[in-house]
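Residue numbers (the working numbering): 1 to 156.
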């Protein structure tokens with residue numbers, strides 16, 4: 001009798017653990033898709049110069065790293081608003097997301113068409129986006145552009 005109860009208990013525990021693992025995998029995939037969708041919206045908002053949506057997305061302490069320098073949220077919003085950089089179109093070739101606790105790190109392999117200082121330029125980049133989840137809301141903490149020497153290199 002004791003052996004049967006112990007066996008039943010073990011089977012229940014294994015089933016619950018397996019279900020929790022499957023739920024964790026599904027939650028992780030859902031979170032990855034949520035981050036990918038948010039990143040795509042961000043590129044659209046940047047192209048449309050939608051600074052209100054970007055202002056809500058960018059964390060107050062966010063940082064932006066470009067080929068010509070780095071700065072915080074307010075200068076980035078102002079750069080977009082005034083057209084100092086117009087992110088006209090980001091062609092996304094590949095994307096990967098890694099979730100670490102409440103942090104999501106997204107790597108986009110993109111070809112970016114932008115207007116910088118009145119000149120239209122196209123560059124291949126790996127864009128690294130770091131999102132932090134606080135109070136059930138994702139905020140962008142960092143956006144860094146790493147120019148590639150050859151286009152279409154895929155992030156790992």
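No residue lacks a Cβ here, since even glycine has one placed at the ideal position from N, Cα and C.
| Item | Value |
| --- | --- |
| Any idea what DSSP makes of residue 55, helix, strand or coil? | helix |
| Assuming contact is defined by CB atoms lying nearer than 7 Å, are residue 95 and residue 35 in contact in what I supplied? | no |
| From 133, 129 and 110, pick the residue whose C-alpha is nearest to that of residue 122; which is it? | 110 |
| In three-state DSSP terms, what is residue 25? | Reliability fails at residue 25, whose pLDDT of 47 lies under 50, so the model's placement of it is uncertain and the value that follows must be treated cautiously. Looking at residue 25 - three-state DSSP - the assignment turns out to be helix. |
| Of all Cβ atoms in chain C, is any one closer than 7 Å to the Cβ of residue 95? | The structure shown has no chain C; it contains just one protein chain. |
| Do residue 86 and residue 65 have their C-beta atoms closer together than 7 Å? | no |
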